[in-house]
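Mapping to full-length UniProt numbering: the sequence shown position 49 is 49, numbers consecutive.
For every residue, glycine included, the Cβ atom is placed at its ideal position computed from N, Cα and C.
For reference, the structure is listed below as structure tokens.
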Amino acid sequence: MKYCPKCGAKLSAQDKFCDHCGADVSGVPAAGQNNLRRQIPQMQPAPQAINNQPNMGKRPSKKPQSKIDKNRKIRNNCLIIAACVLFLAAAGMIFFTLQSNNQNADQAAFAQTAKSLGFEKVDKLSPKDTAGLAISYAHMHFKDDPSWDKTFDDAENGDLHIKALPEYEFGDYRVKAPRDGMVYVLDPDTGYVVSDVHNVSNSKVTYISRKGRSKSVFFPTLAKKVSHSLTKQRVQRIVHQVYVGDENGNEIDSDEDESSRDSSSSESNSDEDSNSSDEDVSWSDDKEEELADFMDSFGKKMKQDYEEYNGDDSIKTDAGETYPDDFDDRTFKLYSDDDKDGKKIDIGYDPDLEKDDYDYHVVAIFNADVGNPEQHITYFFCVYDNEPVVLVDQTTNGDDCMVKETDNKDLKSSFAKILTSKD
Numbered sequence: 001m002k003y004c005p006k007c008g009a010k011l012s013a014q015d016k017f018c019d020h021c022g023a024d025v026s027g028v029p030a031a032g033q034n035n036l037r038r039q040i041p042q043m044q045p046a047p048q049a050i051n052n053q054p055n056m057g058k059r060p061s062k063k064p065q066s067k068i069d070k071n072r073k074i075r076n077n078c079l080i081i082a083a084c085v086l087f088l089a090a091a092g093m094i095f096f097t098l099q100s101n102n103q104n105a106d107q108a109a110f111a112q113t114a115k116s117l118g119f120e121k122v123d124k125l126s127p128k129d130t131a132g133l134a135i136s137y138a139h140m141h142f143k144d145d146p147s148w149d150k151t152f153d154d155a156e157n158g159d160l161h162i163k164a165l166p167e168y169e170f171g172d173y174r175v176k177a178p179r180d181g182m183v184y185v186l187d188p189d190t191g192y193v194v195s196d197v198h199n200v201s202n203s204k205v206t207y208i209s210r211k212g213r214s215k216s217v218f219f220p221t222l223a224k225k226v227s228h229s230l231t232k233q234r235v236q237r238i239v240h241q242v243y244v245g246d247e248n249g250n251e252i253d254s255d256e257d258e259s260s261r262d263s264s265s266s267e268s269n270s271d272e273d274s275n276s277s278d279e280d281v282s283w284s285d286d287k288e289e290e291l292a293d294f295m296d297s298f299g300k301k302m303k304q305d306y307e308e309y310n311g312d313d314s315i316k317t318d319a320g321e322t323y324p325d326d327f328d329d330r331t332f333k334l335y336s337d338d339d340k341d342g343k344k345i346d347i348g349y350d351p352d353l354e355k356d357d358y359d360y361h362v363v364a365i366f367n368a369d370v371g372n373p374e375q376h377i378t379y380f381f382c383v384y385d386n387e388p389v390v391l392v393d394q395t396t397n398g399d400d401c402m403v404k405e406t407d408n409k410d411l412k413s414s415f416a417k418i419l420t421s422k423d
């Protein structure tokens with residue numbers, strides 16, 4: 001509440017103008033406000049008497065502040081150390097758990113890769129098995145080194161004799177194997193070292209030449225790259241053909257070591273194994289008809305319209321290729337994700353499986369033009385080394401026809417089942 005200084009009317013404290021005379025009352029303080037603004041005198045504390053006489057007869061009732069601070073600091077440090085120990089223990093447990101899980105996953109992946117290459121038991125890989133994988137990897141990895149091409153060819157032809165030694169001198173470069181490892185000498189200039197021959201799946205392979213050694217590669221990584229580039233048949237051919245002996249020339253592998261390999265790629269004479277490599281496969285009209293039915297359903301699922309070569313009228317793709325004529329007129333190369341340049345192969349149409357000039361005997365051809373200019377998918381159903389192989393061609397330009405093994409599991413398994421079935 002306040003009063004108008006002009007007419008004396010009683011106003012509220014919030015009024016800015018007097019309702020009675022119109023005077024500006026915004027600067028008029030409310031009644032009693034001046035009293036509130038009066039300063040309150042500050043009270044000075046009374047002086048305390050200081051006793052300068054020392055207290056000689058009494059002990060202090062409290063510990064010195066420095067000792068209290070020291071005890072508190074020690075207690076805090078102990079708590080920090082305990083927390084760090086608990087944290088490190090928990091982190092270590094998590095680390096080792098993850099390491100164990102990763103190792104188990106790697107072992108499972110390696111087992112699957114090895115099985116796809118014809119090795120049934122990865123914990124029993126023999127020196128011949130490791131030779132098949134190591135030489136196959138070197139063949140595709142050291143493309144500029146002609147000595148590895150020769151080694152690969154000699155291995156496939158049965159002309160390669162490998163010596164397993166604890167150490168060897170390649171020219172002026174001496175190599176000694178680790179305690180559980182072995183040096184494998186291919187010739188005086190080249191070889192490789194396996195770091196642990198008793199546990200190959202966890203070992204490393206190091207390639208050696210007169211110039212020195214290459215960067216080591218883990219065996220599971222090596223096997224995976226081989227599986228992407230070479231067929232099981234080619235790897236197993238090296239395994240069966242290569243000879244691995246000790247320093248006295250005695251062959252290391254025994255008949256029992258063959259148990260590590262897949263029965264489909266072994267040299268077993270059992271009549272019960274319909275997939276044995278000793279039993280020749282054949283192709284017939286009934287199998288052709290069964291494959292045609294499968295490709296019809298496969299094409300519908302993939303939304304692709306496949307045309308089959310009928311044995312008379314050649315198939316022409318949108319890219320201008322003509323089959324089977326191009327088998328005689330062009331160079332065919334087998335490539336992979338790790339080998340873009342590819343390697344020349346001998347391939348031809350041979351449903352009777354009688355021509356010795358071919359490595360890949362094509363028994364059926366299916367093509368689908370997929371709409372875009374020059375885009376096509378052409379499948380060659382082949383027999384290679386008495387085994388079923390499905391090659392795919394999507395070449396759109398260039399003089400050479402580049403083919404690769406299909407990754408489609410349905411195609412591979414269905415063709416294998418049809419090819420190996422009894423007539």
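In or out: residue i buried (at least 16 other Cβ within 10 Å) or exposed?
i           : result
residue 433 : Any question about residue 433 goes unanswered here, given that the chain covers just 1 to 423.
residue 361 : buried
residue 38  : A caution first: residue 38 carries a pLDDT of 47, below 50, which makes its placement in the model too unreliable to give a value.
residue 139 : buried
residue 188 : exposed
residue 390 : buried
residue 18  : buried
residue 146 : exposed
residue 376 : buried
residue 232 : buried
residue 94  : exposed
residue 224 : buried
residue 311 : exposed
residue 322 : exposed
residue 186 : buried
residue 354 : exposed
residue 434 : Residue coverage of the chain in this structure runs from 1 to 423, which leaves residue 434 outside it and unanswerable.
residue 191 : buried
residue 72  : exposed
residue 87  : exposed
residue 144 : exposed
residue 226 : buried
residue 12  : exposed
residue 403 : buried
residue 26  : exposed
residue 85  : exposed
What residues in its chain sit with their C-beta under 7 Å from that of residue i, if we drop five residues either side in the sequence?
i           : result
residue 228 : 336, 337 and 338
residue 292 : 308
residue 252 : 127, 164, 244, 245 and 246
residue 28  : 2 and 5
residue 10  : 1 and 3
residue 114 : 122 and 223
To which residues of the same chain is residue i closer than 6 Å at the C-beta, ignoring the five residues directly before and after it?
i           : result
residue 230 : 136
residue 240 : none
residue 257 : With a pLDDT of 45 at residue 257, under the threshold of 50, the predicted position of this residue should be treated as unreliable, and no value is reported.
residue 325 : 314
residue 416 : 388
residue 414 : 294
residue 418 : 287, 290 and 291
residue 160 : 154 and 242
residue 412 : 390
residue 406 : 390 and 392
residue 421 : none
residue 148 : 138, 139 and 142
Am I right that residue i and residue j are in contact with their C-beta atoms under 8 Å? What's the rounded C-beta distance?
i           : j           : result
residue 401 : residue 332 : 5 Å
residue 156 : residue 237 : 6 Å
residue 221 : residue 319 : Contact doesn't hold; Cβ gap of about 35 Å is too wide.
residue 201 : residue 181 : Actually they are not in contact, since the Cβ atoms of residue 201 and residue 181 sit about 14 Å apart, beyond 8 Å.
residue 242 : residue 118 : In fact, because the Cβ distance is near 14 Å, the residues do not count as touching under 8 Å.
residue 340 : residue 334 : About 12 Å; that fails the 8 Å criterion.
residue 111 : residue 122 : 5 Å
residue 183 : residue 193 : 5 Å
residue 479 : residue 280 : The question about residue 479 has no answer here: the residues shown for the chain are numbered 1 through 423.
residue 283 : residue 178 : Going by Cβ atoms, the distance from residue 283 to residue 178 rounds to 50 Å, so no, they are not a contact pair.
residue 356 : residue 345 : That belief does not hold up - the Cβ atoms of residue 356 and residue 345 are roughly 15 Å apart, past 8 Å.
Taking 8 Å as the limit between beta carbons, can you name the residues of its chain near residue i, skipping five residues before and five after?
i           : result
residue 410 : 298
residue 328 : 348
residue 296 : 306
Contiguous beta strand (DSSP E) assignments of at least 3 residues, all confined to the stretch 146-214: 161-165, 167-170, 173-176, 182-187, 190-194 and 204-209
Sequence ranges, beta strand (DSSP E) only - wholly within the UniProt domain "DUF4767" (282-419), length at least 3: 332-334, 343-345, 347-349, 360-369, 376-384, 387-393 and 401-405
Inter-stretch contact (C-beta, 8 Å, three-pair minimum) for the stretch 355-373 and the stretch 282-300: yes
Inter-stretch contact at 8 Å, needing at least 3 Cβ pairs: the stretch 366-378 / the stretch 199-216: no
The stretch 198-213 / the stretch 166-180 touching (three or more Cβ pairs under 8 Å): yes
Every unbroken alpha helix (DSSP H) inside the stretch 107-142 [4 residues or more]: 127-141
4 or more residues per run - each alpha helix (DSSP H) lying fully within the stretch 219-250: 219-229 and 232-241
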